[in-house]
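K.L.:
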Amino acid sequence: MLDIEKAYKLYNDYKKTGNKELLSKIEELIKGDSSIQGLNLLALVYIEKGKYDDAINALDIALKKVRDEEDKATLLFNKALALFRKGDLDSSYEILKSIPPRTSVYAHSRRFLAQVCIKKGDLRHLEEARQILESFDIPNEDLAVTYILLSRLKDKSLYKKAVEIAKSIKNERLLAEALLSSDDEKELEEALEIFRKLNDVNGEAKVLYKLSLKKPELLYEAIQRLEESGESRERQTLLYELYKRTGILNFLKEAIKIAEKYNDYLFLARSYVELSKRENELENLRKAVLFYERYIESL
Numbered sequence: 001m002l003d004i005e006k007a008y009k010l011y012n013d014y015k016k017t018g019n020k021e022l023l024s025k026i027e028e029l030i031k032g033d034s035s036i037q038g039l040n041l042l043a044l045v046y047i048e049k050g051k052y053d054d055a056i057n058a059l060d061i062a063l064k065k066v067r068d069e070e071d072k073a074t075l076l077f078n079k080a081l082a083l084f085r086k087g088d089l090d091s092s093y094e095i096l097k098s099i100p101p102r103t104s105v106y107a108h109s110r111r112f113l114a115q116v117c118i119k120k121g122d123l124r125h126l127e128e129a130r131q132i133l134e135s136f137d138i139p140n141e142d143l144a145v146t147y148i149l150l151s152r153l154k155d156k157s158l159y160k161k162a163v164e165i166a167k168s169i170k171n172e173r174l175l176a177e178a179l180l181s182s183d184d185e186k187e188l189e190e191a192l193e194i195f196r197k198l199n200d201v202n203g204e205a206k207v208l209y210k211l212s213l214k215k216p217e218l219l220y221e222a223i224q225r226l227e228e229s230g231e232s233r234e235r236q237t238l239l240y241e242l243y244k245r246t247g248i249l250n251f252l253k254e255a256i257k258i259a260e261k262y263n264d265y266l267f268l269a270r271s272y273v274e275l276s277k278r279e280n281e282l283e284n285l286r287k288a289v290l291f292y293e294r295y296i297e298s299l
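Residue numbers (the working numbering): 1 to 299.
1. Between the stretch 148-162 and the stretch 179-186, can you find at least three pairs of beta-carbon atoms closer than 8 Å?
2. Does Phe251 come out as helix, strand or coil in the three-state DSSP assignment?
3. According to the Cβ coordinates, are Asn284 and Ser271 closer than 7 Å?
4. Would Leu89 and Val66 be called neighbours here (beta carbons separated by less than 7 Å)?
5. Classify Gly50: buried if its beta carbon has 16 or more other beta carbons within 10 angstroms, exposed otherwise.
6. Could you give the DSSP three-state label for Asp54: helix, strand or coil?
7. Which residue marks the beginning of the alpha helix (DSSP H) containing Ile47, and which one marks its end?
8. Taking only the alpha-carbon atoms, compute the straight-line gap between Leu351 and Ala191 and give it to the nearest angstrom.
9. How is Pro216 classed by DSSP in three states: helix, strand or coil?
10. Skipping 5 residues on each side, what residues in its chain have a beta carbon closer than 8 Å to that of Lys167?
11. Just checking my contact of Asp142 with Leu133 at CB under 8 Å: how many whole Å lie between their CB atoms?
12. Along the chain, where does the alpha helix (DSSP H) that runs through Gly130 open and close?
13. Taking the alpha carbon of Tyr220 as the point to measure from, which residue in Glu231, Gly230, Glu204, Ser232 has its own alpha carbon closest?
14. Contact check, Ala43 vs Leu22 under 8 Å by CB: the rounded distance?
15. So, with DSSP's three-state summary, where would you put Asp3?
16. Check each candidate in Leu96, Arg173, Val45 and name the one with the smallest Cα separation from Ala80.
17. Count the other CB atoms within 10 Å of the CB of Gly38; is the residue buried (16 or more) or exposed (fewer)?
18. Suppose contacts are defined by Cβ-Cβ distances below 7 Å. Is Leu266 in contact with Tyr240 by that definition?
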């Protein structure tokens, strides 16, 4: 068996077992192999090791050599994967859009494109994800997530479609997230029960907060669960909502700390404007301007 064949066999074994030691063995086998197959496999190994720039470099070298459209589509798909893992959603999106429909990876690239659109999270890209995913015959988790996000941004009724999918694929966590988009008290209580069953403190905090809009006595419990949930973007949003509702400044300051960790410049700019209304006006307005500038530079 040729080294490249052995290497691909080892890679398939790695995908089944998750044994990281196999990755180094693959690298050794294809060391110095400058063929398109060798460079493609090397890139896949780099992706698994988190060496995304090295993966992109190997794929770019292969793309300069490739002539076959099928091979080119595979290389582009893997480059999009490396860029996605690296966090460059815009470049990943553009590459996936360029993969020709007549290639064997096209269907996979469309599903992946939908995932990139979901990750981008704005209304336009979520609608694009919806259009892609609804074209598949079998409802899937990604489509349910898309319905949930769209229900919170645009059309409240879409959460019901997410509920149907979650039930059909028997995904309790997804079902709870879908029910969280409801305004019906019974459905929210069902979501709370599921999150508690799954020991999902963050989910529990979100439901309790929403229920507290109808039952104010639950607000204290929501805050308790929020304190236990750890730092996350969802916690950041919930803290800000709590600040707007209660006027308690500590909620705003905690949200700012989380936003700083995630470099959420737009949120930080808006939050420092809000903070400037309550204390240290000039200092906090300067910070707001700084974060607005960083946000604009990041676009």
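Ideal Cβ placement from N, Cα and C applies to all residues, glycine included.
Bear in mind the structure is a predicted one, so any value in this text is a computation, not a measurement.
P.N.:
This is what the structure holds:
1. yes
2. Taking the sequence shown and counting its residues from 1, one reaches residue 251 at position 251. Of the three classes helix, strand and coil, the one that applies to Phe251 here is helix, per DSSP.
3. The residue you call residue 284 lines up with position 284 of the sequence shown. The residue you call residue 271 lines up with position 271 of the sequence shown. The criterion of a C-beta distance shorter than 7 Å is not satisfied by Asn284 and Ser271.
4. What you label residue 89 is simply residue 89 of the sequence shown in a count that begins at 1. What you label residue 66 is simply residue 66 of the sequence shown in a count that begins at 1. No, these two residues do not count as a Cβ contact at 7 Å.
5. The residue given as residue 50 occupies position 50 in the sequence shown. By the neighbour-count rule (16 or more Cβ atoms within 10 Å), Gly50 is not buried but exposed.
6. To locate residue 54, count along the sequence shown from 1; it is residue 54. Per DSSP, reduced to three states, the secondary structure at Asp54 is helical.
7. Taking the sequence shown and counting its residues from 1, the one referred to as residue 47 is at position 47. Residues 36-49.
8. No statement about residue 351 is possible, as the shown extent of the chain runs from 1 to 299 and does not include it.
9. Along the sequence shown, read from residue 1 onward, the residue named residue 216 stands at position 216. Three-state result, Pro216: helix.
10. Here residue 167 refers to the residue found at position 167 when the sequence shown is read from its first residue. The residues are Leu175.
11. Within the sequence shown, numbered from 1, the residue matching residue 142 stands at position 142. Within the sequence shown, numbered from 1, the residue matching residue 133 stands at position 133. With 8 Å as the limit, Asp142 and Leu133 qualify as a contact, their Cβ atoms being about 6 Å apart.
12. The residue you call residue 130 lines up with position 130 of the sequence shown. According to the sequence as given, residue 130 is Arg; it is not Gly. From DSSP, the alpha helix (DSSP H) with Arg130 extends over 123-134.
13. Along the sequence shown, read from residue 1 onward, the residue named residue 220 stands at position 220. Ranking the options by Cα distance to Tyr220, first place goes to Glu204.
14. Position 43 of the sequence shown, counted from the start, is the residue given in the question as residue 43. Position 22 of the sequence shown, counted from the start, is the residue given in the question as residue 22. Contact doesn't hold; Cβ gap of about 16 Å is too wide.
15. The residue you call residue 3 lines up with position 3 of the sequence shown. DSSP, read as helix, strand or coil, puts Asp3 in helix.
16. In the sequence shown, counting from the first residue as 1, residue 80 sits at position 80. Considering only alpha carbons, the answer is Leu96.
17. Start at 1 with the first residue of the sequence shown, and residue 38 comes out as number 38. With 16 or more other Cβ atoms within 10 Å, it is buried.
18. Here residue 266 refers to the residue found at position 266 of the sequence shown. Here residue 240 refers to the residue found at position 240 of the sequence shown. Their beta carbons are not under 7 Å apart, which means Leu266 does not touch Tyr240 by this criterion.
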